[in-house]
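4 protein chains.
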Amino acid sequence: MALTTVDGLSSEPTNRVARRRNQKVHDILNATANVLAERGYHETSLDEIAERLDLTKASLYHYFPSKEALVTACLESVGKLVTERLAETAANRKGSASERLTALIVVQLDSIIREHPQMARLFLQPLDWPEPYRERTKLLRQQHDEVFRTVIREGVANGEFGVIDEAVAVHCLHGAMNYVPVWFRPTRKKDYEEMYMTVAASLLRLFRSTPA
Amino acid sequence: MALTTVDGLSSEPTNRVARRRNQKVHDILNATANVLAERGYHETSLDEIAERLDLTKASLYHYFPSKEALVTACLESVGKLVTERLAETAANRKGSASERLTALIVVQLDSIIREHPQMARLFLQPLDWPEPYRERTKLLRQQHDEVFRTVIREGVANGEFGVIDEAVAVHCLHGAMNYVPVWFRPTRKKDYEEMYMTVAASLLRLFRSTPA
Amino acid sequence: MALTTVDGLSSEPTNRVARRRNQKVHDILNATANVLAERGYHETSLDEIAERLDLTKASLYHYFPSKEALVTACLESVGKLVTERLAETAANRKGSASERLTALIVVQLDSIIREHPQMARLFLQPLDWPEPYRERTKLLRQQHDEVFRTVIREGVANGEFGVIDEAVAVHCLHGAMNYVPVWFRPTRKKDYEEMYMTVAASLLRLFRSTPA
Amino acid sequence: MALTTVDGLSSEPTNRVARRRNQKVHDILNATANVLAERGYHETSLDEIAERLDLTKASLYHYFPSKEALVTACLESVGKLVTERLAETAANRKGSASERLTALIVVQLDSIIREHPQMARLFLQPLDWPEPYRERTKLLRQQHDEVFRTVIREGVANGEFGVIDEAVAVHCLHGAMNYVPVWFRPTRKKDYEEMYMTVAASLLRLFRSTPA
DNA sequence: CATGAATGAGCCTTCATTCAT
DNA sequence: CATGAATGAAGGCTCATTCAT
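Protein chains in written order, with the working numbering: chain A, 370 to 581; chain B, 370 to 581; chain C, 370 to 581; chain D, 370 to 581.
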């Protein structure tokens, strides 16, 4: 499974040494994301991450002080990426709220199914992660939520959407979207797009205003 | 092993012994469910289960041949309970499909939030469980799904409901419902009922037929 | 694998209770011998012995105070049986020493291969048994040896046999005989008799006096 | 009990790290061989091996992935050593077949009694080892056998030896030789050599051709 | 007598973490 | 920087043995 890169490192390194280090950190986060996606948190061992990088376990400790720090950094980096991609989509103000929400849903589904499968685990299954991670991932989820909330509020404001309880509706949207990887098994490449649209159309009904 | 009794006295002791054993099995499954709910599968150790029962780890092996067997029995026992409760609710044919689906959602939410918090993990998070459990829990989820599907089909048949894709809609319903424990934090007892109704009302929109 | 009975209990029990107990002890020793023969000492658990008797592990402790006592009793009982059978054979004074030694070898081979396979383990592999057994089995081996020694001495006395060192020759005989179960794999029933005779003929060469 | 070294590592290590590792592996195999020889397979625990090396059990897993792998490596390394020593002896074509077979027997006895007592267990007692080992040790025994067979065949070819059944005779030879550690208890150093010669002389009678 | 229950000690194995080189 | 080595803590499982009923 080829995943896109994962960390958000961007600030230009001051010198070659720092650049090298940043590159390495980037590689490590990438490998971590892959293992996390394939095996799930509890089956992820430092040994496996190190092996994929042709490194030793001990070397990982030069870049991250603990497994927790490594995994947290990985989650935050992936989370940031996904949220940014969503934010870009939301920033395009063209089209109706429905169209824009549909676009967000499609982006989210593509993220957690094809780009960053580990995120589905993160969003969906925080209960199964060890305590230390829960607080941190909560923040990630909130930022992520915010993007959806904005579009939904605009839809409500212009009468296109109508919800009983905004917070609840957003949570339901979230639960439904992140549950997709559990049941979706594509056989053809085309299946992805079809499923994205079907799911989006279904979920839009949570928000569309109903005629009096 | 029953010895042939010479006198006419029926052998009650065997019965009492069996009852005792059943009680103990029941207690063990209960303790297991609790630990599972509190810690999640991967943090659940036989030692902790045993400790809560004032037993040693080894004693658990008198009742279950392995951790896998114990957890599986626990899941199936709770799963059966939940599904039965749902089935009872569905069996009550009074009211519209909407009313009955609402009732199902409320029962399900109450089950996974108050009665059997460990079930949320089961329904929501199969990806993070070790391989041997996935197949078995899949069956449980399917039986569970079936109850909802039946009511939804009836709603569709009588024109009350209209869906784009039944399977997708049911999956979305499930994802949304089982995600509730992740975000819901009640402060007052009354909160539960309110939330149940709000969530149910929101999710019904996934199914209600929209006017042409 | 059906083995013949194993203990040497014979002294007439004084009453019915004692007779019952003796019968039970007899059964237990038999079952133990079977499990020992099939699994070897280290794979033999009290649970398996008990199961074959439709008893519980705890019940075995009514008859033997420990696993060690049970196994020891079993070994001694089987050992006695085998030695007695050998002694009977040796007691028949007809024939040359060669003929009589051949008969002993055949009896011994039949004992450890068909009748009491567990004995082969005992005679051959005392090194792998826990310390407490070694001393006790040593005595058994000596008694067993004695039967062979007697016939061999007679052969030496009448000039039929000639050995360099009697003790060494007897040990060699023993090692060779008890090693047979390791390499012998019969395909037809007839194979047994053929092998017995071939082995006996080969081993007799250890003793037959050589012409000057 | 002091044993000679045990592994066959010879290819010069490329660097100091590799050399260190090889040395450690060598030490571990040695310690394993010692414990195996003293306690037998079933009483051999990783803890005891580790303790003799001033290591923890976990450290052993840096060198061998399992107990089975460790023991197997140990057996193969010792087996190779013994077989090589025998092969060297057999390669010396000087002398009659009798003389050469005598030399082989002496080497074998010295190997299993003084050099590698654990080997006696291996050759003698495969029945008591867990299944996974049996196949592997079978091969070792066959290679080992082959050396003896070659010399015996030569003796037969030149009329010096005459056997009823070659395979049976070789098996008897093996059984007798490997049984020696069970009964031999030396009191003086000189005893070893005396016993070697006595046993060899006795066993040669299994093969020497008898005058018509 | 017989048994179900309970246990303590022991075993193999895994893994995040530390440290000297 | 990188690594091989080492480890402590923990986990699942087995089994001979004890004991109250």
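We put the beta carbon where it would ideally sit given N, CA and C, even for glycine.
8 Å Cβ cutoff, residue i in contact with chain D
| i | result |
| --- | --- |
| G409 of chain C | yes |
| P499 of chain C | yes |
| Y548 of chain C | yes |
Residue i at chain A interface by Cβ criterion, 8 Å
| i | result |
| --- | --- |
| T506 of chain B | no |
| H431 of chain B | no |
| T401 of chain B | no |
| D479 of chain B | no |
| R503 of chain B | no |
| C443 of chain B | no |
| A570 of chain B | yes |
| E412 of chain B | yes |
As assigned by DSSP and simplified to three states, the class of residue i
| i | result |
| --- | --- |
| F553 of chain C | coil |
| F433 of chain A | coil |
| A371 of chain A | Its pLDDT being 40, under 50, A371 of chain A is placed unreliably by the model, and the measurement read from it follows with that caveat. Note: A371 of chain A maps to coil in three-state DSSP. |
| R462 of chain A | coil |
| F576 of chain C | coil |
| G377 of chain D | Low local confidence applies: a pLDDT of 49 at G377 of chain D is under 50, so the model's placement there is unreliable, with the coordinate-based value given in what follows. In this structure, G377 of chain D counts as coil in the three-state DSSP scheme. |
| T567 of chain C | helix |
Neighbour flag for residue i against chain C, beta carbons, 8 Å
| i | result |
| --- | --- |
| G544 of chain D | yes |
| P526 of chain D | Note that residue 526 of chain D is Ala in the sequence shown, not Pro. A526 of chain D does not count as touching chain C. |
| S446 of chain D | no |
| T567 of chain D | yes |
| E335 of chain D | With chain D covering 370 to 581 only, the question about residue 335 of chain D has no answer from this structure. |
| H540 of chain D | yes |
Presumed contact (8 Å Cβ cut-off) between residue i and residue j, rounded CB distance
| i | j | result |
| --- | --- | --- |
| L572 of chain C | A545 of chain C | 6 Å |
| A466 of chain B | E523 of chain B | 5 Å |
| F530 of chain A | R577 of chain A | 6 Å |
| V475 of chain D | A569 of chain D | 6 Å |
| V520 of chain A | L470 of chain A | 5 Å |
| D534 of chain C | T567 of chain D | 5 Å |
| T506 of chain B | L439 of chain B | Contact flag wrong, Cβ pair sits at about 15 Å. |
| V525 of chain C | L473 of chain C | The Cβ separation is near 15 Å, so there is no contact. |
Cβ-based burial, residue i [other Cβ within 10 Å; buried from 16]
| i | result |
| --- | --- |
| H431 of chain C | exposed |
| S480 of chain B | buried |
| V386 of chain C | exposed |
| L508 of chain B | exposed |
| R557 of chain A | exposed |
| S414 of chain B | exposed |
| G409 of chain C | buried |
| E437 of chain D | exposed |
| E484 of chain C | buried |
| P486 of chain D | buried |
| R510 of chain A | buried |
| S446 of chain D | buried |
Any C-beta of chain B under 8 Å from that of residue i
| i | result |
| --- | --- |
| D416 of chain A | no |
| D534 of chain A | yes |
| R554 of chain A | no |
| V537 of chain A | yes |
| R574 of chain A | yes |
Residue i beta carbon near the ligand COA (any heavy atom closer than 7 Å)
| i | result |
| --- | --- |
| E563 of chain B | Absence of the ligand COA is noted for the structure shown, with no ligands found whatsoever. |
Q: Would you be able to state if there are at least three C-beta pairs under 8 Å between the stretch 549 to 567 of chain D and the stretch 445 to 452 of chain D?
A: no
**Q.** Cβ pair count under 8 Å reaching 3, the stretch 392 to 406 of chain C against the stretch 415 to 431 of chain C
**A.** yes
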